[in-house]
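K.L.:
Using full-length UniProt numbering, the letters of the sequence shown correspond one by one to residues 1 to 293. Ideal placement from N, C-alpha and C gives every residue a C-beta, glycine not left out. It should be emphasised that the depicted structure is a prediction, and the values quoted were computed from it without experimental measurement. I have a structure here, written as structure tokens, and I will follow up with some questions on it.
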Amino acid sequence: MSFLSRFFGRNDKKEDTTATTLIANPNKTSNLISLQIVFKGNISIDEAQLEQVLRKLDPSMKQASCQRDPQIETFFGLAGWGKHVIQMVGFEVPFPEEHLEVCVAPSHYPAEQKEQIRHHDSHLLLWYAGYDDNVQEQYIALTMVAAALAQFNALAVLNEHAHTSLPIAVVSEIVSAGSMDMLRHGLPLTMLFCGFVKYEVDGVNGVWMRTYGAETFSLPNFAVLAHGHDEGQKYSDIFNNVLNYLLESGAEMVAGHTMESADGTIMRLREPKADEYFLDGPDTVLVVEITDE
């Protein structure tokens, strides 16, 4: 079976495969979960070295494999272990500026680091093409590969769909501190797998804050009109806690429901109003309003 057939999940020949041969899931052909990696300089990834780095990240990854097509000049490969298969495609050009800004501008790390990331030289796209249906586990697998790329001059991990990003050093540190368990239980959803964006709207007093990317988990996104930017951490924590609760419990929240924060604040959920067009999609967005009831 050719590498291209395995990369695209075209199981056209059964022979010449082994237990370590990576084959993308043929049933995953659209709406793939993705992360994007930006690099300083050209992409220079040795697949054997990347494989060894992956195997040291977590006990479950001791049999991790990295394979690429040597006939394609740019980096074009697969990484995987267990149920997981990650497609990797490199480009020796910067990530498109308008797409980069969606990820970098609203993210919460120092401006100096943002400028370094904006001046990157090349990028690599990661897609989850494995066999685990759990969205969080898919993101975790992608993030483990991203962390391994820290050794190859990576600068940052982007999640364009969720409007967020993190410096590669932060991702690497999180993984080193607790590996997959830290990503499952210690990484706030609104840090990388979902995004938390603040923006001002002309003619509106206050600062709108909302999540992006929750629909990937089949959850609603949340929005609130805060008094000022200083309430960002407060609402980021509230939204993260609510999303975690919904993800773990399987409960549902819809317009008309109320919820209570840890400090006893009662919040009512509603749909966006007609003049709140800037909150449109994707999918369900619920606006949080503080109530005395």
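Can you tell me whether Asn31 is helix, strand or coil according to DSSP?
P.N.:
coil
K.L.:
Need the endpoints of the alpha helix (DSSP H) that Cys103 sits in, please.
P.N.:
Glu97 to Val104
K.L.:
Which partner residues does Phe39 have in the DSSP bridge list?
P.N.:
Ser122 and Ala154
K.L.:
Hey, quick one: how far does the alpha helix (DSSP H) through Arg10 stretch, first residue to last?
P.N.:
That residue, Arg10, is in no alpha helix (DSSP H); it is neither H nor E in DSSP.
K.L.:
Could you check if Pro220 is buried or exposed, using at least 16 other CB atoms within 10 Å of its CB as the buried criterion?
P.N.:
buried
K.L.:
Could you tell me which of Pro26, Glu112 and Phe152 sits nearest to Ile43, measuring between CA atoms?
P.N.:
Phe152
K.L.:
With DSSP run on the structure shown, which of helix, strand or coil describes Asn134?
P.N.:
coil
K.L.:
Going by CA-CA distance only, name the one from Leu166, Glu137 and Lys56 that's closest to Val104.
P.N.:
Leu166
K.L.:
Any contact between the region 231-243 and the region 179-195? By contact I mean 3 or more CB pairs, one from each, below 8 Å.
P.N.:
yes
K.L.:
If distances are taken between C-alpha atoms only, which option among Gly281, Phe39, Ser176 and Glu276 comes closest to Leu54?
P.N.:
Ser176
K.L.:
Enumerated in chain order, which unbroken segments of the alpha helix (DSSP H) with a length of 4 residues or greater are wholly contained in the UniProt domain "DUF4261" (210-288)?
P.N.:
Counting whole runs of 4 or more residues, the UniProt domain "DUF4261" (210-288) contains the alpha helix (DSSP H) stretches 232-249.
K.L.:
Within the region 41-79, note down every full alpha helix (DSSP H) run reaching 4 residues or more, in order along the chain.
P.N.:
47-55, all fully within the region 41-79.
K.L.:
Whole angstroms are fine: how far does the CA of Leu269 sit from the CA of Arg118?
P.N.:
37 Å
K.L.:
In angstroms, rounded to a whole number, what distance separates the CA positions of Gln71 and Gly77?
P.N.:
11 Å
K.L.:
What is the DSSP secondary structure of Phe193, reduced to helix, strand or coil?
P.N.:
coil
K.L.:
Just to confirm my understanding: we take Asp69, look at its own chain, exclude 5 residues before and 5 after, and list those with CB closer than 6 Å. What are they?
P.N.:
Counting only Cβ-Cβ distances below 6 Å, and skipping sequence neighbours, we find Phe3 and Phe76.
K.L.:
Over the uninterrupted beta strand (DSSP E) stretch that includes Ser2, give me the two end residues.
P.N.:
Note, Ser2: premise wrong, no beta strand (DSSP E); not H, not E.
K.L.:
DSSP has Gln87 in a bridge; who is on the other side?
P.N.:
Leu78 and Trp127
K.L.:
Does the Cβ of Asn153 lie closer than 7 Å to at least one heavy atom of the ligand ATP?
P.N.:
Among the components modelled here there is no ligand, and therefore nothing to report on the ligand ATP.
K.L.:
Are the beta-carbon atoms belonging to Ala154 and Gly213 less than 8 Å from one another?
P.N.:
Not in contact: Ala154 and Gly213 (Cβ atoms no closer than 8 Å).
K.L.:
Below 8 Å on the Cβ atoms is my contact criterion, and I expect Gln136 with Tyr128 to pass it. Report the Cβ-Cβ distance as a whole number of Å.
P.N.:
About 11 Å separates the two Cβ atoms, so there is no contact after all.
K.L.:
Using the Cβ count rule (16 or more neighbours within 10 Å means buried), how would you classify Ala262?
P.N.:
exposed
K.L.:
State the Cα-Cα distance for the pair Glu289 and Val145, rounded to the nearest angstrom.
P.N.:
If you take the alpha carbons of Glu289 and Val145, they lie about 39 Å apart.
K.L.:
From this set, Cys194, Glu47 and Pro94, which residue's C-alpha is nearest Leu247's C-alpha?
P.N.:
Cys194
K.L.:
Please list, in chain order, all residues of the same chain as Glu92 whose beta carbon is under 6 Å from its beta carbon, the five residues on each side excluded.
P.N.:
Closer than 6 Å at Cβ, skipping near neighbours: Asn42 and Ser122.
K.L.:
What would DSSP say about Leu183, mapped onto helix, strand or coil?
P.N.:
helix
K.L.:
Only counting the same chain, and skipping five residues up and downstream in sequence, which positions put a Cβ closer than 6 Å to that of Thr284?
P.N.:
Same-chain partners within the cutoff: Pro220.
K.L.:
Hey, how far is the Cα of Thr287 from the Cα of Gly206?
P.N.:
Rather than Thr, the amino acid found at residue 287 in this sequence is Val. In a straight line, the C-alpha of Val287 is about 14 Å away from that of Gly206.
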